[in-house]
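Enquirer: In this text, residue positions in the sequence shown follow this note's numbering: the first is 441, and each later residue adds one.
Please find one structure pasted underneath; my questions will follow.
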Amino acid sequence: MEKSNSIINRILKSGLITWVLLLFIWGVGALFYTDDFLPNPLVTLDGAKTLITSGTLWTDIVVSMGRVLKGWSLGLLFAIPVGLCVGNFKVISYVFEPFLNFFRFVPAIGFITLFLLWFGVGETSKVALIFYAVIFPVMVNTIAGVRSVDYSLVEAAESMGASKRRTFFTVVVPSAVPNIFTGARLGLSGAIICIVAAEMLAASEGLGYLIYTSRLYYRTDWIFAGIFTLGLIGFLADKLLRFLGKKFLYRFGVR
């Protein structure tokens, strides 16, 4: 009995039932429409095979993820130091937080046309857009991490003769790592969302371009294949990031 309950719990935790239910609802719903409007799962799978065998899907994945990685990495390199400074130094906070609290409510997609005007239709505009989408969730979480540090730890370090600089790097920064890591995960999801919108407007390759141009050929199966590919990539990227966090940042409290 306990063994069967354990198996059921593992199945529920895996989310398998959710996916089976989704595929069932999708398949039933597709019976009432043509494949041009709502292809069933098998038709979508066949369309995905066509994209895979032609090499189109692999090329688009590599191009899109290359852009995401560039923008996300640059965003982290900028947002983490800025967030640490804003969270720790009041003067910087007074100057920078009004700017942060204004622009973090302006979505990156709103800047697409402006970035295309400023940086052109090449790679720079897309990477810049992803950079913008990444920096705000990372900065907000970094600031929150710094401000949630147990002040008794800071006082203990200073009472033992540690300078403010040493206390900052040995107490404040390590304590903020879990929040920073959460911000990095949120930034990654924002980057993937953003690149799709950017590639729909100004690109000749990428998953966003694939999804957008498939409508011209009434290949709804390709559109669905592109959407599910994005979801799968995001899911696997987050799993990888969480695995790396648990492996290398566990001593800082990342779980």
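Cβ coordinates follow ideal geometry from the N, Cα and C atoms, glycine included.
(1) Thinking C-alpha only, which one of F464, R544, R605 and Y649 is nearest V580?
(2) Any idea if I465 is buried or exposed, counting beta-carbon neighbours within 10 angstroms, 16 or more meaning buried?
(3) In whole angstroms, what is the alpha-carbon distance linking V483 and D475?
(4) Contact defined as beta carbons within less than 8 angstroms: I believe G511 pairs with I549. What is the distance between those atoms, to the nearest angstrom?
(5) How big is the Cα-Cα spacing for K489 and F559?
(6) Quick check: G515 and P577, are their CB atoms within less than 7 angstroms of each other?
(7) How far does the alpha helix (DSSP H) with M579 in it extend, from its first residue to its last?
(8) Quick check on the DSSP output: the alpha helix (DSSP H) that includes A596 runs from which residue to which?
(9) Just to confirm, are L491 and I552 a CB contact at a threshold of 7 angstroms?
(10) Would you grab the beta carbon distance between G674 and I620 for me? Rounded to a whole angstrom, and I think it's under 8 angstroms.
(11) Using 8 angstroms as the Cβ pair cut-off and three pairs as the minimum, do the segment 637-652 and the segment 593-605 touch?
(12) Excluding the 5 residues flanking G666 on each side, which residues of the same chain have their C-beta closer than 6 angstroms to its C-beta?
(13) Judging by CA-CA distance, which residue of V612, R605, A573 and L684 is the nearest neighbour of L628?
(14) Roughly how many whole angstroms lie between the Cα atoms of I520 and T582?
(15) Going by beta-carbon coordinates alone, are V586 and G495 separated by less than 7 angstroms?
(16) Just verifying my parser: in three-state terms, what is the DSSP assignment at Y473?
(17) Classify D590: buried if its beta carbon has 16 or more other beta carbons within 10 angstroms, exposed otherwise.
(18) Which one of T653, F664, V694 and R625 has the shortest CA to CA distance from V508?
(19) For F536 and K530, I'd like the C-alpha separation in whole angstroms.
(20) Going along the chain, which residues of its own chain have a beta-carbon closer than 6 angstroms to the beta-carbon of A637, five neighbours each way excluded?
(21) Classify R450 as buried or exposed, calling it buried when 16 or more other Cβ atoms lie within 10 Å of its own Cβ.
(22) For Y658, which three-state DSSP category applies?
(23) On a Cα-Cα basis, can you pick out the residue from W459, F692, L684 and V503 that is closest to T610?
Expert: The answer reads as follows:
(1) Working through the sequence shown from its first residue, we reach residue 580 at position 140. Looking at the Cα atoms, R544 is the closest of the given residues.
(2) Counting from 1 along the sequence shown, the entry for residue 465 is found at position 25. The residue is exposed, with fewer than 16 neighbouring Cβ atoms inside 10 Å.
(3) As a first step, residue 483 is located in the sequence shown; it is residue number 43 there, counting from the start. As a first step, residue 475 is located in the sequence shown; it is residue number 35 there, counting from the start. Approximately 8 angstroms, taken between the alpha carbons.
(4) The residue given as residue 511 occupies position 71 in the sequence shown. The residue given as residue 549 occupies position 109 in the sequence shown. G511 to I549, Cβ: 14 angstroms. No contact.
(5) As a position in the sequence shown, residue 489 is number 49, starting the count at 1. As a position in the sequence shown, residue 559 is number 119, starting the count at 1. Distance between the alpha carbons of K489 and F559: 36 angstroms.
(6) Locating residue 515 in the sequence shown gives position 75, where the first residue counts as 1. Locating residue 577 in the sequence shown gives position 137, where the first residue counts as 1. Not a contact, by the Cβ cut-off of 7 angstroms.
(7) In the sequence shown, residue 579 corresponds to position 139, counting from 1. Unbroken alpha helix (DSSP H) run through M579: E563 to R587.
(8) Working through the sequence shown from its first residue, we reach residue 596 at position 156. First-last of the alpha helix (DSSP H) with A596: Y591 to S599.
(9) Counted from its first residue, the sequence shown places residue 491 at position 51. Counted from its first residue, the sequence shown places residue 552 at position 112. No, Cβ-Cβ distance for L491 and I552 is not below 7 angstroms.
(10) The sequence position of residue 674 within the sequence shown is 234, counting from 1. The sequence position of residue 620 within the sequence shown is 180, counting from 1. At roughly 20 angstroms, the Cβ-Cβ gap does not stay under 8 angstroms, so G674 and I620 are not in contact.
(11) no
(12) Within the sequence shown, the letter at position 226 stands for residue 666. Counting only Cβ-Cβ distances below 6 angstroms, and skipping sequence neighbours, we find L647, L650 and I651.
(13) In the sequence shown, residue 628 corresponds to position 188, counting from 1. Comparing Cα positions, the closest option is A573.
(14) Residue 520 sits at position 80 when you count from the first residue of the sequence shown. Residue 582 sits at position 142 when you count from the first residue of the sequence shown. Those two C-alpha atoms are separated by around 6 angstroms.
(15) To locate residue 586, count along the sequence shown from 1; it is residue 146. To locate residue 495, count along the sequence shown from 1; it is residue 55. Result no, Cβ atoms of V586 and G495 do not sit closer than 7 angstroms.
(16) By one-based count along the sequence shown, residue 473 stands at place 33. Note: Y473 maps to coil in three-state DSSP.
(17) If you number the sequence shown from 1, residue 590 lands on position 150. It counts as exposed.
(18) Walking along the sequence shown from the start, residue 508 turns up at place 68. Looking at the Cα atoms, R625 is the closest of the given residues.
(19) Walking along the sequence shown from the start, residue 536 turns up at place 96. Walking along the sequence shown from the start, residue 530 turns up at place 90. Looking at the two C-alpha atoms, the distance is approximately 10 angstroms.
(20) Residue mapping note: residue 637 aligns to position 197 of the sequence shown, counting from 1. Answer for A637: I549, listed in chain order.
(21) Here residue 450 refers to the residue found at position 10 when the sequence shown is read from its first residue. So R450 ends up on the exposed side.
(22) Taking the first residue of the sequence shown as position 1, residue 658 is located at position 218. The answer is coil: DSSP assigns Y658 none of H, G, I, E or B.
(23) Here residue 610 refers to the residue found at position 170 when the sequence shown is read from its first residue. With distances taken between Cα atoms, T610 lies closest to F692.
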